[in-house]
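Top to bottom, those sequences are chains A and B.
Our numbering numbers the first residue of the first sequence as 1 and each following residue consecutively.
Our numbering numbers the first residue of the second sequence as 479 and each following residue consecutively.
Let me begin by presenting the structure, written as structure tokens, before commenting on it.
There are 2 protein chains.
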Amino acid sequence: MKKEFKNEAITRQSEDFARWYTDVCRKAELMDYSSVKGFIIYRPYGYAIWEHIQNYLDRRFKETGHENVYMPLVIPESLFQKEKDHVEGFAPETLIATIGGANNLEEKLIIRPTSEVLFCDHFAKIISSHRDLPKKYNQWCSVVRWEKTTRPFLRGAEFLWQEGHTMHATKEEAEKEALDMLYIYEAMGKELLAVPFLVGRKTENEKFAGAEITYTIEALMPDGKALQSGTTHYFGDGFAKAFNIAYQNKENVLVNPFQTSWGVSTRLIGSIIMAHGDDNGLSLPPYVAPIQVVIVPIQMQKEGVLAKANEIKARLEAKGIRVNLDDSDRTPGWKFSEYEMKGVPLRLEIGPRDIANGVVSAAIRYNGKKLVLNEKDLEVEIPKLLKDIHEALYKKAHDYFLEHLTEVHTEEELADVLENKGGYAKIMWSGEQEVLDQIKEKYSATARCLPFEQTPFAKKCLISGKPAKFVVIIAKAY
Amino acid sequence: MKKEFKNEAITRQSEDFARWYTDVCRKAELMDYSSVKGFIIYRPYGYAIWEHIQNYLDRRFKETGHENVYMPLVIPESLFQKEKDHVEGFAPETLIATIGGANNLEEKLIIRPTSEVLFCDHFAKIISSHRDLPKKYNQWCSVVRWEKTTRPFLRGAEFLWQEGHTMHATKEEAEKEALDMLYIYEAMGKELLAVPFLVGRKTENEKFAGAEITYTIEALMPDGKALQSGTTHYFGDGFAKAFNIAYQNKENVLVNPFQTSWGVSTRLIGSIIMAHGDDNGLSLPPYVAPIQVVIVPIQMQKEGVLAKANEIKARLEAKGIRVNLDDSDRTPGWKFSEYEMKGVPLRLEIGPRDIANGVVSAAIRYNGKKLVLNEKDLEVEIPKLLKDIHEALYKKAHDYFLEHLTEVHTEEELADVLENKGGYAKIMWSGEQEVLDQIKEKYSATARCLPFEQTPFAKKCLISGKPAKFVVIIAKAY
């Protein structure tokens with residue numbers, strides 16, 4: 001269904017996707033810029049999306065035996081430097097405090113870019129016996145990375161996230177944890193964000209600083225670029241050795257435990273905006289939407305209109321639905337376009353004629369479809385409609401994903417996917433980093449992951465012609 | 479009821495109250511020290527208490543129309559200096575970042591000690607019409623204050639808190655907001671923490687930097703000292719003027735709005751520890767306790783014991799009760815003392831004899847009382863018991879509060895309260911700061927607040943002999 005372009009305040013997607021994105025972020029009041037570059041203000045409408053993500057994940061983390069903790073904001077420089085790969089990965093982009101209480105500090109303090117070393121320092125103190133394992137911790141906080149190029153939600157000097165950090169007695173248990181958490185992220189995409197994720201393992205070169213294995217969830221954006229949306233890491237016992245974390249096992253032998261970490265951030269808000277938005281602005285999947293239903297009263301000065309609107313609001317709220325009744329002095333037309341831009345999944349209109357007929361007019365945000373509902377059925381019909389909308393948004397994004405996952409057999413096809421069609425190119429790969437470097441050089445595209453499904457479809461590496469070892473997925477990325 | 483002293487790992491309260499406090503903080507695993515002085519690690523058992531406080535307050539904030547936001551962690555030095563009183567109050571204890579991405583920053587960045595200026599900077603951008611008011615925002619975050627002397631939860635270089643920031647069209651509305659939030663804090667003390675708060679208004683000298691009025695909630699600790707546990711502030715339009723926040727009112731005149739802010743922090747955990755703890759450790763009020771009921775199986779190798787313990791756990795959890803079944807290989811005696819130290823309000827013991835008799839043995843943490851419950855009644859009896867425990871803890875703390883609120887008519891009585899009896903001395907006061915300075919000099923005690931109940935009980939100021947203007951409450955404080 002073709003939709004008209006109503007909201008002149010927002011650049012069209014087709015005109016300039018990047019400008020469309022920042023327009024939506026600001027006009028829909030998801031965020032604002034602060035006076036420090038890269039540090040954004042999470043406004044109520046944007047923060048509420050994050051709260052729904054938090055609620056979902058916090059519940060799932062706790063159901064799977066994780067406990068929340070809070071570690072310090074700052075890391076002493078000496079502690080930060082304890083794990084070589086890790087410090088190399090993060091040091092160039094840290095914010096550093098040097099003055100405290102008007103005096104120069106004896107030791108520089110790094111504002112946490114991630115908290116592995118803080119957790120390890122703590123684990124070394126509290127783990128000494130097999131009885132102390134596993135430790136399955138999570139923390140909700142903000143982290144700081146001094147990035148040069150920043151974009152709202154996608155890349156920021158400060159962002160909100162959760163970081164899980166766990167210690168296990170065995171390699172197997174830790175490896176399983178890294179996968180279990182990956183699958184929780186994947187389920188969140190499907191059940192909450194209506195965003196299908198490509199899941200898989202990162203190549204050696206794309207791993208997290210210090211990790212043995214990094215798994216990833218990747219979302220595909222409508223401009224054909226991938227957005228890495230979360231990662232889980234298996235560390236082996238590398239950090240444990242560097243930080244002297246050891247425990248007495250049941251045979252009274254002192255051994256190192258095995259570690260994981262995993263995180264998703266407010267970048268997920270970026271993936272929601274891009275995955276579902278259109279020329280008229282944001283289009284939110286219902287379960288993560290701060291407002292699920294907006295009620296716009298028509299001719300609200302007429303007797304009974306506001307009373308009925310309030311009654312319906314109360315009835316829906318009693319069903320746990322998040323409802324906004326806009327009884328401000330704006331015109332209905334202004335309100336229609338405002339809530340469309342803000343991506344409210346469902347709009348209800350209630351006017352004297354609807355009331356006389358015992359009906360309510362409804363409009364679905366993502367496809368513009370209008371329908372008439374019997375007022376008495378609203379408690380049943382609205383939750384059903386929200387579920388349908390969620391599923392339709394997921395299906396739409398999933399169809400797009402499937403259409404843009406191309407099995408590639410020649411370099412010409414690779415060039416066509418990366419330069420014209422967009423999306424993921426699935427190729428056979430020798431496993432040599434030089435091949436990926438060549439692709440990156442030529443197309444500014446990177447290996448997104450080694451998918452779990454590794455059924456070979458050719459014998460030779462697409463680029464080098466050497467024997468193929470892996471299926472790897474290549475795309476341009478944010 | 480006299481209780482025996484079981485836990486040798488904890489210093490007795492009577493011996494050294496301060497050491498008792500830090501012993502409890504660490505042994506009950508509420509927190510640990512980090513490698514940076516004053517920055518503590520909130521361990522799962524301590525953090526879970528904070529989560530219950532968050533849940534309570536977040537619900538009450540949202541019910542009263544507040545929205546959550548998130549502001550940047552850092553404040554540019556020039557922005558920080560915009561409100562004179564405010565910067566004078568906070569500048570001496572700030573942590574300052576000067577390096578970003580390996581380069582010196584062009585402008586120093588203050589790690590937020592509080593966020594008034596960030597909110598004002600944002601309000602100036604988003605408030606322009608009477609339609610934009612009120613703005614009622616709250617944020618959950620950590621703040622940093624470079625304190626020299628720190629104690630877990632009570633005074634830290636970093637602590638967790640919420641800070642509410644609101645803007646209103648009228649003085650009256652803003653003043654009411656500052657009081658409304660004070661009463662929500664007071665209700666939290668009564669309903670959740672089982673801590674009675676003295677509420678009132680701070681004297682001019684004890685006001686928050688930049689505020690016109692500061693209200694306070696003060697808890698009385700068993701060592702006779704007051705603990706300021708939260709404050710709410712009415713700012714008038716001082717910040718609004720300094721930050722050029724103005725809106726067009728309904729008469730199309732450009733005017734400044736009126737502002738409040740209010741906050742409570744993880745210091746509340748300190749007030750819970752001290753208000754209810756005893757020689758055997760922590761004693762938690764049930765509604766804030768991470769574990770409300772611990773089940774200790776007796777002779778758990780015997781057939782049916784663990785099965786019954788698990789069944790009862792599931793039944794209580796189905797009632798929304800937070801239960802821990804400790805089926806580890808420790809002895810029951812070890813478990814009794816461990817959970818007593820950790821302050822779990824109610825312990826259930828389940829052994830073969832209990833099962834045979836269809837009963838469960840229960841022990842109440844705060845008074846050591848034992849009772850026998852019919853197993854079939856548990857779903858009804860346990861919630862009732864938890865409610866009784868909460869009310870008893872509150873009453874105990876409230877009785878102590880009333881016993882230690884002394885109306886003072888002579889300087890000798892004042893000295894006796896402040897030096898021997900402890901608690902609050904209620905005096906008549908001329909309103910002159912010199913009087914309070916004298917008291918502080920002589921007794922190291924300060925004006926805690928001007929209580930709302932201002933019925934005079936003498937005509938002259940206790941100290942200066944001049945005409946008395948206010949009832950003021952004096953105490954030593956943390």
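Backbone N, C-alpha and C define an ideal beta-carbon position, used for all residues, glycine too.
These numbers come from a predicted model, not from an experiment.
9 Å or more divides the Cβ of ALA157/A from the Cβ of HIS130/A. Shown in chain order are the members of the segment 81–103 of chain A whose Cβ falls below 7 Å from a Cβ of chain B: PRO92, GLU93, LEU95, ILE96, ALA97, THR98, ILE99, GLY100, GLY101, ALA102. In the DSSP assignment, ILE867/B falls within the unbroken alpha helix (DSSP H) covering 856–881.
Linking GLU172/A to ALA240/A through their CA atoms gives a straight-line distance of about 16 Å. At the C-beta level, ASN722/B and ALA569/B stay beyond 9 Å of one another. Taking a C-beta distance under 9 Å as the contact criterion, ILE272/A and ILE49/A qualify as a contact pair.
Minimum Cα-Cα distance from LEU746/B among the listed residues LYS847/B, LEU705/B, LYS920/B corresponds to LEU705/B.
For ALA697/B, the enclosing beta strand (DSSP E) has its first and last residue at 691–698. In the DSSP annotation of this structure, the continuous segment of the alpha helix (DSSP H) that includes ARG538/B starts and ends at 522–541.
For the options ALA289/A, ASP326/A, THR203/A, the alpha carbon positioned closest to that of VAL305/A is the one of ASP326/A. Only residues of its own chain outside the window of five on either side were considered, and among them GLU585, LEU587 have a CB closer than 7 Å to the CB of PRO554/B, listed in chain order. Under the DSSP assignment, PHE948/B falls in the beta strand (DSSP E) whose first and last residues are 948–953.
Look at ARG504/B here: in three-state DSSP terms it is helix. For VAL514/B, the closest Cβ of chain A is nearer than 9 Å. The Cβ-Cβ distance between ARG629/B and GLU571/B does not fall below 9 Å. VAL742/B counts as buried, since at least 16 other C-beta atoms from the protein chains shown sit within 10 angstroms of its C-beta. Bounds of the beta strand (DSSP E) holding PHE159/A are 158–168. Assignment of PHE258/A by DSSP, reduced to helix, strand and coil, places it in the strand class.
When the beta-carbon positions are compared, LEU30/A and GLN162/A stay at least 9 Å from each other.
Between HIS86/A and ALA246/A, the gap from beta carbon to beta carbon reaches 9 Å or more.
Excluding sequence positions up to five before and after LYS442/A, its CB lies less than 6 Å from no other CB in the same chain. Using a Cβ-Cβ cut-off of 9 Å, VAL417/A does not count as an interface residue toward chain B, since no Cβ of chain B sits closer than that to its own. Around the beta carbon of ARG112/A, a 10 Å sphere encloses 16 or more other beta carbons of the protein chains shown; the residue is thus reported as buried.
Here the segment 920–932 of chain B makes no contact with the segment 862–872 of chain B; the two share fewer than three CB pairs at distances below 8 Å. Taking 7 Å as the Cβ-Cβ cut-off, the segment 288–299 of chain A has no residue approaching chain B. Within a 10 Å sphere around the beta-carbon of LYS459/A sit fewer than 16 other beta-carbons, which makes this residue exposed. Within the segment 149–167 of chain A, those residues whose Cβ lies closer than 9 Å to any Cβ of chain B are, in chain order, ALA157, GLU158, LEU160.
One Cα belongs to CYS619/B, the other to ASP501/B, and the distance between them is close to 27 Å.
Counting other Cβ atoms within 10 Å of its Cβ, PHE539/B reaches 16 or more and is therefore classed as buried.
TYR693/B is positioned such that its CB atom lies no closer than 9 Å to that of THR681/B. ILE691/B and ARG633/B have their C-alpha atoms some 23 Å from each other.
Contact check for GLU655/B against TYR712/B passes: the beta carbons are separated by less than 9 Å. Per DSSP, GLN916/B is not a residue of any beta strand (DSSP E); the alpha helix (DSSP H) it occupies stretches across 911–921. Listed along chain A, the residues sitting closer than 7 Å to TRP624/B by beta-carbon distance are GLY100, GLY101. For PRO630/B, the secondary structure class from DSSP, reduced to helix, strand or coil, is coil.
Between ALA447/A and LEU436/A a beta carbon distance of about 5 Å is seen, short of the 8 Å cut, so the two are scored as contacting.
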